[in-house]
Structure formats: C-alpha cells, structure tokens
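Asks:
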DNA sequence: GCCAACGTTGGC
DNA sequence: GCCAACGTTGGC
C-alpha cells in the first residue's frame with residue numbers, strides 16, 4: 018500500500034465537505050498538473066492519503082482512502098485529465114501544522130516542504146508514521 | 001495583499 | 001526544441 022497527500026483550499030473543498038460525502042467518496046477532480054495527475058494514475062484501491070488544508074490553515078487534518086482508481090475527470094472533456102475518488106477515513110485528533118512539519122527533522126524531505134505547490138504528492142511510510150504520531154492519530 | 005516559485009503556453 | 005511571457009499557487 019502506498020501513501021499520498023491531497024491538498025485543498027478549505028474555502029473550495031474542505032475536510033467537512035469530504036466527510037459529508039461519506040462512504041461514497043468524491044472525485045478529486047480539477048487537477049490540471051501533469052505531475053499530480055501521474056501520481057493519481059499510480060494510486061491503487063485502498064491506498065491511504067493525508068488531507069491537507071492549504072492557505073489559511075496549512076495543516077494535515079484527516080486521513081482519506083482511495084475508493085476508485087484513476088478515471089477520466091468528469092469536470093472536463095479534455096482527455097488528458099484523470100483523477101481518483103477518495104473517501105474520508107478519520108479526522109486527526111490534533112491537526113498537524115506546516116510549522117510542525119517544517120520543525121521536524123525526520124520530515125525535512127517531505128514533498129510538502131520541498132515543493133509546496135504540488136497538490137497531489139507521495140508520502141513515504143516513514144513520513145506517514147511520523148505525521149500520524151504528531152497528530153495523536155492511528156496510522 | 002504581495003511576491004517567489006513553478007508550470008504551461010505559444011511564438012520563433 | 002527553446003525560451004520568454006504569462007498565469008496560478010501558496011506561504012508569508
């Protein structure tokens with residue numbers, strides 16, 4: 018199983034919106050970046066991901082699961098863009114802020130730190146464990 | 001609200 | 001195929 022991170026502006030699509038979709042989950046559509054799309058194409062059913070709020074909040078707030086593998090993005094006719102569906106698994110007991118992540122030496126190689134603009138990114142298993150521990154949340 | 005970083009587009 | 005111009009993102 019692989020681990021990922023999905024970034025969203027809470028004013029556009031928040032953790033609460035995601036939770037409201039329940040088990041059905043929701044398309045992670047609207048991504049128009051090749052790197053991000055390629056990562057989504059690699060995702061497998063059951064892969065886990067962090068749900069990250071960018072902009073004002075800048076914190077990992079929950080855990081999601083891939084519930085549909087890569088398929089065409091329904092918000093465009095452009096065949097270049099694919100996306101996956103994700104569903105909420107559980108919220109973080111304590112959101113883990115970008116500041117905390119930056120302050121943690123074991124997370125210095127995270128894509129979130131290295132390339133802050135990439136909206137869908139891979140997370141290593143070691144990083145996954147550290148962030149979950151910081152958030153007092155079961156991996 | 002600003003600005004730096006980065007990705008994409010389009011002209012050559 | 002290169003590179004300048006432009007648009008967008010996201011941290012501060």
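In the numbering used here, the protein residues as written are 18 to 156.
For every residue, glycine included, the Cβ atom is placed at its ideal position computed from N, Cα and C.
#1: Are the segment 69 to 78 and the segment 21 to 30 in contact at 8 Å, needing three or more beta carbon pairs?
#2: For residue 18, count neighbouring C-beta atoms within 10 Å of its own C-beta (all shown protein chains included) and say buried if the count is 16 or more, exposed if not.
#3: Evaluate contact between the segment 84 to 92 and the segment 121 to 140, counting only Cβ atoms and requiring at least three cross-stretch pairs below 8 Å.
#4: Work out the CA separation of residue 22 and residue 115 for me, nearest whole Å.
#5: By Cβ distance, which residues of its chain are closer than 7 Å to residue 99, with the 5 residues on each side in sequence left out?
#6: Would you kindly check if the distance between the Cβ of residue 113 and the Cβ of residue 152 is under 9 Å?
#7: With the cut-off set at 9 Å, would you say residue 83 and residue 60 are in Cβ contact?
#8: Could you give the first and the last residue of the continuous alpha helix (DSSP H) run that contains residue 137?
Replies: So, from the listed chains and residues:
#1: yes
#2: Within the first chain, residue 18 is the residue found at index 1, counting from 1. Flag for residue 18 reads exposed.
#3: no
#4: As a first step, residue 115 is located in the first chain; it is residue number 98 there, counting from the start. As a first step, residue 22 is located in the first chain; it is residue number 5 there, counting from the start. Computed Cα separation, rounded: 13 Å.
#5: For the purposes of this step, residue 99 is identified with residue 82 of the first chain, where counting begins at 1. Once the five neighbours on either side are set aside, the close Cβ partners of residue 99 are 54, 57, 58, 87, 88, 89, 90.
#6: If you number the first chain from 1, residue 152 lands on position 135. If you number the first chain from 1, residue 113 lands on position 96. Cβ atoms of residue 152 and residue 113: closer than 9 Å.
#7: What you label residue 83 is simply residue 66 of the first chain in a count that begins at 1. What you label residue 60 is simply residue 43 of the first chain in a count that begins at 1. In this structure, residue 60 lies closer than 9 Å to residue 83 by Cβ.
#8: Counting from one through the first chain, the residue named residue 137 turns up at place 120. Per DSSP, residue 137 belongs to no alpha helix (DSSP H); it is in the beta strand (DSSP E), 137 to 140.
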